[in-house]
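Protein chains in written order, with this note's numbering: chain A, 1 to 349; chain B, 1001 to 1509; chain C, 2001 to 2355.
Structure representation (structure tokens):
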């Protein structure tokens, strides 16, 4: 029974056991760890990271990186504040908006639509011009951050309207709405990826782009849609984050990118594309959030925490590299499973 | 020409090699003298590739010995093969394109002065020297990526010689070359011959073999059928040897069809610059038509461009009278044409996804409900049906495709295509890399499909296979359809077909 | 034939585009403001760009082999911080050892080399993706830098240490009556590029770099050991990063936890614009130097023209994107040329390529 049922079950869901272990580890390490407020804080951190990670996971499943999501987040939050806040003379590093004072119900759609537009540009550059996706999205991030700085002029913009803040800061009986929102998003996207034609196409394109094409799919379209979703989710993440902080900070979201990649990889999304689940990525997000939160409570220097994140990424990569060796894939490596005849490199045979 | 012991460059004695399920080489012996250009010809599957792999040390023989230069080996590593002087020139040349010719020649041994600094003048001079010694004129200052294909080929040969290669294996070197370049290459090779270099020349272009080779070895079914001086041979003789007993009544694997009823696929005046031209043919309902041709004949390209994986040129294509306008696979499927790719690993299947998903990729739209949700019940039923119909051996439909055997993987691709209920099915080398039992299964599947009325085209160079299941066989050569053979007619013999495929010039019997 | 000429011209243009841009930038900015061409400004440009220039050298080495080192900015920060902490007095933010400046420098360089070894081993021995490894290292090293500094920025470093980055070689008496200080760092920058140029052009190591970057398998077949070579370039990159730290700390007379943050984009951009291809096997140090120059000119010129620093950020990103586009097009063009050549010579009978 162990071998056939329990063993594989643990292996398939290994990450959840790791999460549990780490959590227990912190229980021993930190006094009074097992409080509702701590759990909520963990989930709060997990919410923004989580939403961004969904986007990253989708891109990774299609076989690409999106390193620009944090830039999108930064730009959209700055833009939103800028559009919603009344005009105010800038002083003491604080400023107001442009003065249009747009209603949040107008600004929120603008955010997500703009996020999708940015994703579209990423997708177009990468699929049509065949530029390396890593460097493209990295450069895009630079541009987006720059744009965020241009609009904010380096100032923070406090005072976002209450209606806007509802998602990020509101609570229903002590449970933050943003956490519920995040979990709902995970559920929705997990369902989409598992049960819809879109999910199938995405996995196919990421698993073997050429075979997907020969099966009637359009890899360029799929990849572009993946990037658009990532941008869309960055917009949602921005809405949550800005609503929670109630002030727009010019350099928001720095460092999120690698965390999203790490969370996805830890959660089972292969860097080579074609596999992984959204809930698995959530486990990765939880793990990182627990570690983050726990180390914070222990008053570890924040930059050491960043270093720990980097180390986790390296470890996750090492494990991933080992997994690749065991994964006999088709389409990624020439030859695949052993052919019956001699190597087909020579002509004729 | 007698074998003088001290002039033997290479001697292969009784080499046998088997893989699981197939005996690739049986008791193969051949020898190559110094300064000889020795051709090796044979159909696909005759064992040429395996033999070369053994020679290069990539594969280890089960028995037998190889004598190269001074040493005798019962098995070799690639490194030992190189050391012994065996060099292989592949069809796809791969050099350091962004570097100059001189640097490609001298990579790893750049001349330096006393202080260890590269002496560029010496670099170019030395490279120039080496090339001149071989009678090769190239601009050593130009980047390799800017050279023409024949120049790159000659450079690769030159490089091998600089590394003290004594035996050079040329694998279809003229596939992409115009006549003028072929002449250039042959002159170069002849020149090297006088310097004692030995060549093994593998080619399907028999006229070329006659032009450049001294002796020829014919292989068939993993054995050497004959070795003789080229002057004692003729093209028909060679083909006869390549085909062998199949001459006497080949087995018709599937029963012949009734006369083709209405045409399903009609192609007129199809042309694609650089690939094929003047393509006119028709496939009737339930007909199985073979399309045979060498690499470079345009057959493969025709298949891919009909399906939409490659661009198609002008010309008219209709299916059941309706114009077929598909320019990509998705449109092809919906307009009734499906294609089985030659390389299932790269183009056929997504290995890390399960069987169930792979089978239903092209028909997802049919299984979709509201909001794009997949009706898994329906899907499982469909996949279940095909697994049974085609006899796919798999623990479950959730099994990752990469874990199946080659034959079953191919059946999965068939299932996928059959599920689209095509009017026309194009198969490209459908039994490549599959064991014998699975091959028979595939033939049965093809027969079933044709009985259901699907018009089938099989692109293959396996003459026996084509003769076994096709009603008609079209032969392509250098971009044109040069002949149509009909099943049951006297001219439709393996020799004639092979003659047409390999020789191009078909002689009426 | 005409198409061929046009093609060659295009290639020539792209290969030397950087100098066209440099000249154009010089002209534009001197037209915008006469303060731009002032001797003081131009000379200052060199000393400001020195640190970045060293980083570009290291990055170019990696890129020529087809790899990236995105951790160099953090290596720069960490090595500077370690040296600073070793040498500065306790009141000035150091550990109080007041170490000998020479020891500080040696430690920096050794540490940089060590980080290079670590990167190189992970990438060659463990076959990990070079982009992600170096980005992860970038994060880790930055974290360690902050951790070590505990928020302090050691300053008032020994004069001997500051010499390379901060002092002047000699003074030139100008007609205006002022004295113009010619910085050591400017010379060092030029020296570094000169040495790099010599290595890449005239040493086997350098030529092997191009071989590996151009076609790794072919290079291996020629007897070049890719693992050793790639390890080597990462060590070079690490040492260059340490030298960049030395230049920067010397110029500012202090080491901050934020030293080097964000530079990686500038460095990439300068290298790519200077002709060092992302795909490997292409580009040279002269072009890379041009890239550094261009950057300095843009930096200085845009500042003088009082362009908002934030627009500069955007501009940088766009420039990088533009350079990458050009790079991708250039490589695509090269393969097109080969195919078109083959096509034009023989219409039928080509090997069926999966184009």
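C-beta: ideal position from N, C-alpha, C; glycine also.
Residue 1211 of chain B counts as exposed, since fewer than 16 other C-beta atoms from the protein chains shown sit within 10 angstroms of its C-beta. Annotated three-state conformation of residue 2056 of chain C is helix, per DSSP. Burial is judged here by how many other beta carbons sit within 10 angstroms of a residue's own beta carbon; residue 1325 of chain B has fewer than 16 and is exposed.
The residue among A/286, A/44, A/137, A/155 with its C-alpha nearest the C-alpha of residue 96 of chain A is A/155.
Residue-level contact by beta carbon fails for residue 1102 of chain B and chain C, as no gap is shorter than 7 angstroms. The stretch 80–95 of chain A makes contact with the stretch 143–157 of chain A, as at least three CB pairs between them are under 8 angstroms. Rounded to the nearest whole angstrom, the CA to CA distance from residue 2192 of chain C to residue 2243 of chain C is 10 angstroms.
Considering only C/2081, C/2059, C/2107, C/2138, the residue with the shortest C-alpha distance to residue 310 of chain A is C/2138. Interface flag for residue 1049 of chain B against chain C is unset, since no Cβ pair is found closer than 7 angstroms. Proximity to residue 1174 of chain B across B/1152, B/1165, B/1160, B/1063 peaks at B/1152, based on C-alpha coordinates. Counting along the chain, the unbroken beta strand (DSSP E) around residue 1023 of chain B starts and ends at 1022–1033.
Straight through space, the alpha carbons of residue 1441 of chain B and residue 1266 of chain B are spaced by roughly 29 angstroms.
A direct Cα-Cα distance of roughly 56 angstroms separates residue 2246 of chain C from residue 1310 of chain B. If the five residues before and after residue 1038 of chain B are omitted, its C-beta is found closer than 6 angstroms to the C-beta atoms of 1032, 1200, 1215, all from its own chain and listed in chain order.
The contact set of residue 1442 of chain B on chain A, defined by CB atoms closer than 7 angstroms, is empty, because the minimum CB distance reaches about 14 angstroms. The C-beta of residue 264 of chain A comes no closer than 7 angstroms to any C-beta of chain C. Around the Cβ of residue 111 of chain A, a 10 Å sphere holds 16 or more other Cβ atoms; the residue is buried. Nearest to residue 13 of chain A by C-alpha distance, out of A/278, A/293, A/308, is A/278. About 3 angstroms separates the CB atoms of residue 2291 of chain C and residue 2274 of chain C; that is less than 8 angstroms, so the two are in contact. Interface annotation, residue 2333 of chain C: not in contact with chain B, CB-CB separation never under 7 angstroms.
Contact between residue 1269 of chain B and residue 1301 of chain B is absent: CB atoms are separated by about 16 angstroms, not below the 8 angstroms threshold. DSSP lists C/2254 as the bridge partner or partners of residue 2155 of chain C. Bounds of the beta strand (DSSP E) holding residue 2179 of chain C are 2179–2183. Put simply, the CB of residue 2140 of chain C is near chain A, with a gap under 7 angstroms to one of its CB atoms. A Cβ-Cβ distance of about 7 angstroms is found for the pair residue 2237 of chain C and residue 2059 of chain C, placing them in contact under the 8 angstroms criterion. For residue 2108 of chain C, the enclosing alpha helix (DSSP H) stretches over residues 2101–2124.
Contact of residue 210 of chain A with chain B by beta-carbon distance below 8 angstroms involves 1346, 1347. Ranked by how close their Cα comes to the Cα of residue 2239 of chain C, the residues C/2121, C/2075, C/2260 have C/2075 in first place. Residues of chain C with a Cβ closer than 7 angstroms to the Cβ of residue 61 of chain A do not exist; the shortest Cβ-Cβ separation is about 17 angstroms. Cβ contact annotation for residue 1071 of chain B (same chain, cutoff 7 angstroms, sequence separation greater than five): 1084, in chain order. Annotated three-state conformation of residue 1380 of chain B is helix, per DSSP. Bounds of any beta strand (DSSP E) do not take in residue 1090 of chain B, whose DSSP letter is neither H nor E. When C-beta distances to chain C are compared with 8 angstroms, the residues of the stretch 293–311 of chain A below that value are 301, 302, 303, 304, 305, 306, 307, 308, 309, 310, 311, in chain order. For residue 2061 of chain C, none of the residues of chain A pass the 7 angstroms Cβ criterion, the least Cβ distance being about 18 angstroms.
With a threshold of 7 angstroms between beta carbons, residue 287 of chain A makes no contact with chain C. At a cut-off of 7 angstroms between C-beta atoms, residue 1185 of chain B does not count as an interface residue with respect to chain A.
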